[in-house]
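Working notes for the structure below.
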Amino acid sequence: GDTVRVHAKVVEGNRERIQIFEGVVIARKGAGISENYTVRKISNGVGVERIFPIHTPRVEKIEVVRYGKVRRAKLYYLRALQGKAARIKEIRR
54 GDTVRVHAKV VEGNRERIQI FEGVVIARKG AGISENYTVR KISNGVGVER
104 IFPIHTPRVE KIEVVRYGKV RRAKLYYLRA LQGKAARIKE IRR
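In my numbering, the protein residues as written are 54 to 146.
Structure follows, in structure tokens:
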């Protein structure tokens, strides 16, 4: 339920750059070295989900933008919601 900003390294040809992917973490899957997390964002009105391994050198850093309060481990129901219905309550810190 947290909104995160993932700084991922992208290789294009022979050069490498950092691509920022900001969205809501909707799932964590797996355990140990093979654990993944799924980040979802809306880009130009289209939902985009990207799966990142937790232990990967391709991700430079993960910034937490907002801390979300949810009662589910998997937030796949957000795929069916749009606009204000897809908002997540924020934990005040």
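Backbone N, C-alpha and C fix where the C-beta goes; we use that ideal spot for every residue, glycine too.
For Lys82, which residues of its own chain have a beta-carbon under 6 Å away from its beta-carbon, when the five flanking residues on both sides are left out? Along the sequence shown, one-based indexing puts residue 82 at 29. Taking C-beta separations shorter than 6 Å and ignoring five residues to either side along the sequence, the partners of Lys82 in its chain run Asn89, following chain order.
So, with DSSP's three-state summary, where would you put Gly83? Position 30 of the sequence shown, counted from the start, is the residue given in the question as residue 83. In the three-state reduction of the DSSP assignment, Gly83 falls in the coil class, being assigned neither a helical nor a strand state.
Smallest Cα separation from Arg132: which of Ile71, Ile115, Glu69, Ile95? Against the sequence shown, residue 132 aligns to sequence position 79. From the listed residues Ile71, Ile115, Glu69, Ile95, the smallest Cα separation to Arg132 is found for Ile95.
Pro110, enclosing beta strand (DSSP E) - first and last residue: Here residue 110 refers to the residue found at position 57 of the sequence shown. No beta strand (DSSP E) holds Pro110; DSSP gives it neither H nor E.
Given a cut-off of 8 Å on the beta-carbon distance, is the pair Ala80 and Leu128 in contact? For the purposes of this step, residue 80 is taken as residue 27 along the sequence shown, with counting starting at 1. For the purposes of this step, residue 128 is taken as residue 75 along the sequence shown, with counting starting at 1. Against a cut-off of 8 Å, the Cβ pair of Leu128 and Ala80 comes out as a contact.
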